[in-house]
Amino acid sequence: MSADSQGPQINSKKPNFTKEQLSHRYKLFQSPQFSNPSCSLAQQGNYLIAALSSIKSNVHCPWIIDSGATDHMTGSSQIFSSYKPCAGNKKIKIADGSLSAIAGKGSVFISPSLTLHNVLHELTSGRTIGNARKIGGLYFFENGSESRKPIQKILGKKNGVLNIESLDGSSSLPSHNQNHSNTNNGNRTSTKNSELMTYSRRKHNSKESNPDPLPGHESELREEPNSSECPGNNQTDSCQPVQFISNSNSESFDDLNIPIATRKGVRSCTKHPMSNYMSYKNLSPSFFAFTSHHSLVEIPKNVQEALQVPEWKKAIFEEMRALEKNHTWEVMDLPKGKTTVGCKWVFTVKYNSNGSLERYKARLVAKGFTQTYGIDYLETFAPVAKLNTVRVLLSIAANLDWPLQQLDVKNAFLNGNLEEEVYMDPPLGFDEHFGSKVCKLKKSLYGLKQSPRAWFERFTQFVKNQGYVQAQSDHTMFIKHSNDGKIAILIVYVDDIILTGDHVTEMDRLKKSLALEFEIKDLGSLRYFLGMEVARSKRGIVVSQRKYILDLLKETGMSGCRPADTPIDPNQKLGDTKDGNLVNTTWYQKLVGKLIYLSHTRPDIAFAVSIVSQFMHSPYEVHLEAIYHILRYLKITPGKGLFFKKSEQKTIEAYTDADWAGSVTDRRSTSGYFTYIWGNLVTWRSKKQSVVARSSAEAEYRAMAHGVCEILWLKKILEELKRQLEMPMKLYCDNKAAISIAHNPVKHDRTKHVEIDRHFIKEKLEASIICMPFVPTTQQIADILTKGLFRSSFEFLISKLGMIDIYAPT
Numbered sequence: 001m002s003a004d005s006q007g008p009q010i011n012s013k014k015p016n017f018t019k020e021q022l023s024h025r026y027k028l029f030q031s032p033q034f035s036n037p038s039c040s041l042a043q044q045g046n047y048l049i050a051a052l053s054s055i056k057s058n059v060h061c062p063w064i065i066d067s068g069a070t071d072h073m074t075g076s077s078q079i080f081s082s083y084k085p086c087a088g089n090k091k092i093k094i095a096d097g098s099l100s101a102i103a104g105k106g107s108v109f110i111s112p113s114l115t116l117h118n119v120l121h122e123l124t125s126g127r128t129i130g131n132a133r134k135i136g137g138l139y140f141f142e143n144g145s146e147s148r149k150p151i152q153k154i155l156g157k158k159n160g161v162l163n164i165e166s167l168d169g170s171s172s173l174p175s176h177n178q179n180h181s182n183t184n185n186g187n188r189t190s191t192k193n194s195e196l197m198t199y200s201r202r203k204h205n206s207k208e209s210n211p212d213p214l215p216g217h218e219s220e221l222r223e224e225p226n227s228s229e230c231p232g233n234n235q236t237d238s239c240q241p242v243q244f245i246s247n248s249n250s251e252s253f254d255d256l257n258i259p260i261a262t263r264k265g266v267r268s269c270t271k272h273p274m275s276n277y278m279s280y281k282n283l284s285p286s287f288f289a290f291t292s293h294h295s296l297v298e299i300p301k302n303v304q305e306a307l308q309v310p311e312w313k314k315a316i317f318e319e320m321r322a323l324e325k326n327h328t329w330e331v332m333d334l335p336k337g338k339t340t341v342g343c344k345w346v347f348t349v350k351y352n353s354n355g356s357l358e359r360y361k362a363r364l365v366a367k368g369f370t371q372t373y374g375i376d377y378l379e380t381f382a383p384v385a386k387l388n389t390v391r392v393l394l395s396i397a398a399n400l401d402w403p404l405q406q407l408d409v410k411n412a413f414l415n416g417n418l419e420e421e422v423y424m425d426p427p428l429g430f431d432e433h434f435g436s437k438v439c440k441l442k443k444s445l446y447g448l449k450q451s452p453r454a455w456f457e458r459f460t461q462f463v464k465n466q467g468y469v470q471a472q473s474d475h476t477m478f479i480k481h482s483n484d485g486k487i488a489i490l491i492v493y494v495d496d497i498i499l500t501g502d503h504v505t506e507m508d509r510l511k512k513s514l515a516l517e518f519e520i521k522d523l524g525s526l527r528y529f530l531g532m533e534v535a536r537s538k539r540g541i542v543v544s545q546r547k548y549i550l551d552l553l554k555e556t557g558m559s560g561c562r563p564a565d566t567p568i569d570p571n572q573k574l575g576d577t578k579d580g581n582l583v584n585t586t587w588y589q590k591l592v593g594k595l596i597y598l599s600h601t602r603p604d605i606a607f608a609v610s611i612v613s614q615f616m617h618s619p620y621e622v623h624l625e626a627i628y629h630i631l632r633y634l635k636i637t638p639g640k641g642l643f644f645k646k647s648e649q650k651t652i653e654a655y656t657d658a659d660w661a662g663s664v665t666d667r668r669s670t671s672g673y674f675t676y677i678w679g680n681l682v683t684w685r686s687k688k689q690s691v692v693a694r695s696s697a698e699a700e701y702r703a704m705a706h707g708v709c710e711i712l713w714l715k716k717i718l719e720e721l722k723r724q725l726e727m728p729m730k731l732y733c734d735n736k737a738a739i740s741i742a743h744n745p746v747k748h749d750r751t752k753h754v755e756i757d758r759h760f761i762k763e764k765l766e767a768s769i770i771c772m773p774f775v776p777t778t779q780q781i782a783d784i785l786t787k788g789l790f791r792s793s794f795e796f797l798i799s800k801l802g803m804i805d806i807y808a809p810t
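Following UniProt numbering, the numbering of the sequence shown begins with 1 at its first residue and continues without gaps.
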């Protein structure tokens, strides 16, 4: 028997058995047909009860039934009613920490009402551990037992399973006393009866105690099959610290009213709990409250789940009332020759600025992917802000102490008028209400191809009427300069709006005007934007995707996985291999899509993500394993993010690099660049070049051209914002040949393959817009965007990116 690794929890649920069932089992246990009784421990809540059980067979070794055990096991193969040998060398970890071989498993018939399944055949079971005498239905080791000492040694191991102490500090099995009271005091229990023992599972270090370090929140973790020490278990709970079973308010109770605890599921211990890599001790109280609330709410996967929860059900009906109030559709029969588009429900949670839960939100979305261009719609436009622009604004706001405020437009797409004729299926969950009729849409709806354009046209027209100018560097950004030099900036991502600038009065006026035209929710200071968590202090601004990573690890079953030091194996070169088996393309593409979005705040995984994204249409096992390697790396620092700090430098800088002929598939090179504004990292990219380079200088020169384009775009943004910029802008490169080609006024044969790029870069050099300092390869931070590096080099370069982890354990 392997003891349960999870401690007792106060359980307010109803008993697992009725009183009649318990009475039947109690009589069965007391039946005289059992000639060789043994102790069976059962537990629920803070109570410990015992019942007698055995099996009627020719086997003389006692059988101990622990309904909370990880696995039941026996040393005799004769008692199995069904048996299956185990292939391979499987072992199980027993209470003293040693491993024991498993020969097979099967079912054991105990009684007509009780059969144990998946019982392990453990070859070393049956060894005598001591002599005991029966008292009150329990067994006590005799004082002269020679096995008493080694048992104390077993129970005293650091990673032992049981810790049993008496009042005088000696170890023994727990006794049962119906009339008792006790009080917790450290690791001891005070009691009137000196024979009452305290039973507890051994406490572990608090650092390893909870896989999800949020207080009061348990998460189910999974571990890689090869990292589990318990046979046949893929899904496991991590080791939990436990408290004493005895409660300070324990009262006398009737055995028949205390249910025997049923098995709670397959369990084992994970070697790598998330608490080893995350801590919330360094957070401010307000941001900790936000993080706690944000992590506890579960989002339903479909409308059937949502309708079972009152809060989500209320949100669904509120959305339906809003759609009807806005006259979004007209209910009618489907005309002949017309087809409908489907729809689905999407659920999310909105939070207040202090982190508390504001409301549950349900949104009806049309399945616009079934629409055909030229038939169902014509022109489209997505009002999606560039996240690069958002990071630029964060860097400027951190340096100038600008406020960051967030607004939410409720049912934004419903504000756009629909010109095309579109029919939609009835909303899921309301089929009986609509019958055989369909919805003819009169207003735009989320999911339709033409909806973003209809909404953004109306929004743009309104903001321009307020005196704002649409930026040319990013069409979703609107700027208003005042005569006294102050500025107000608005940037929109579909229906999420960010306001910043030093003209606070204008920002307040704009919010009031928006509230009159649209249904606006003022969310206060920017805390959570598009899956990114924003924490701010006097030192600067930190942007991370902690919850996004934790949800991804949980979804893929990697929460208990063995971590990796780097996001990609430097010794492995991925290519179009035909070895192994094909994997599920949809699942692979989904994971890559999530990692691409995650790379918006994690430049350290940009190269690895760009590599795995090259095999989206025909992924093999080796490619999927590379994705899992990225997830194993993310487990080490799920809270790491970008840090925007104050800086005296008012410059734009870029680092460019290339890995010549790095692709084993087509020998094309990989370009990479980092760009900084006012000392903060704002943009980066890792991309395979479109043509094959014939030399390393040619590959580096093309990478330099990409970097020049990026810093020119950043320069355009600062000019539109009328912010300070020191010239020339610096472009760091570690290839002297490429730098010499850029400065050489004479054209020769080596430059004919990059002639356009050469003229482009030469023009910017001569205009003193850019300069090209040389940087040693060991200091070239863009190196992590072009190739896989070993741990020492990778960590050194990552430390220069300006990333921090406010959730790192202290």
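The beta carbon of each residue, even a glycine, is placed where N, CA and C say it ideally should be.
- Using a Cβ distance threshold of 7 Å, residue 654 and residue 593 do not count as a contacting pair.
- For residue 386, the closest of 713, 276, 799 by C-alpha to C-alpha distance is 713.
- For residue 299, the three-state secondary structure derived from DSSP is coil.
- For residue 680, the enclosing beta strand (DSSP E) covers residues 680–688.
- Shown here, residue 648 sits in coil according to DSSP, grouped into three states, outside any helix or strand.
- A straight line joining the alpha-carbon of residue 737 with that of residue 762 spans about 15 Å.
- The Cβ atoms of residue 787 and residue 659 sit closer than 7 Å to each other.
- Of the other Cβ atoms in all chains shown, 16 or more fall within 10 Å of the Cβ of residue 476; this residue is therefore buried.
- Under the 8 Å Cβ criterion, the region 323–331 does not count as touching the region 399–407, having fewer than three qualifying pairs.
- Rounded to whole angstroms, the separation of the alpha carbons of residue 494 and residue 585 is 29 Å.
- Here DSSP, grouped into helix, strand and coil, assigns residue 386 to coil.
- For residue 522, the enclosing beta strand (DSSP E) starts and ends at 520–525.
- For residue 464, same chain residues with a beta-carbon under 8 Å away, outside a window of 5 residues either side, are 470, 478 in chain order.
- Taking a contact as a CB-CB distance under 8 Å, the pair residue 108 and residue 116 counts as one, their CB atoms being some 5 Å apart.
- Of the other Cβ atoms in all chains shown, fewer than 16 fall within 10 Å of the Cβ of residue 539; this residue is therefore exposed.
- Excluding five sequence positions before and after residue 620, the CB atoms of its chain that fall closer than 8 Å to its own CB belong to 577, 578, 579, 580, 581, 582, 583, given in chain order.
- Within the same chain, Cβ atoms closer than 6 Å to the Cβ of residue 589 are found at 616, the five residues on either side in sequence being excluded.
- A direct Cα-to-Cα measurement between residue 569 and residue 789 gives close to 8 Å.
- Taking the Cβ atoms as the reference, residue 334 lies roughly 12 Å from residue 422, outside the contact range of under 8 Å.
- Per DSSP, reduced to three states, the secondary structure at residue 118 is strand.
- In this structure residue 772 is buried. Its beta-carbon is surrounded by 16 or more other beta-carbon atoms within 10 angstroms.
- If only uninterrupted beta strand (DSSP E) runs of at least 3 residues are considered, those enclosed by the region 411–460 are 417–424, 438–443.
- With a 10 Å radius around the Cβ and a threshold of 16 neighbouring Cβ atoms, residue 745 comes out exposed.
- By the Cβ-count criterion, residue 506 is buried, with 16 or more other Cβ atoms from all chains shown falling within 10 Å of its own Cβ.
- Comparing alpha-carbon positions, the option among 560, 272, 741 lying closest to residue 702 turns out to be 741.
- Measuring C-alpha to C-alpha distances from residue 363 to each of 342, 323, 780 identifies 323 as the nearest.
- Taking the Cβ atoms as the reference, residue 519 lies roughly 4 Å from residue 410, within the contact range of under 8 Å.
- Under the 10 Å beta carbon count, residue 573 is surrounded by fewer than 16 other beta carbons and is classified as exposed.
- Residue 669 is a Cβ neighbour of residue 699, given a cutoff of 7 Å.
- Classified as buried, residue 399 has 16 or more neighbouring CB atoms from the shown chains inside 10 Å of its CB.
- Nearest C-alpha to residue 94 among 672, 85, 120: 120.
- Going by beta carbons, residue 610 and residue 696 fall outside the 7 Å limit.
- Ranked by Cα distance from residue 782, the first of 800, 766, 770, 792 is 800.
- The beta carbons of residue 646 and residue 805 sit about 20 Å from each other, so the pair does not count as a contact at 8 Å.
- Ranked by Cα distance from residue 308, the first of 673, 429, 123 is 429.
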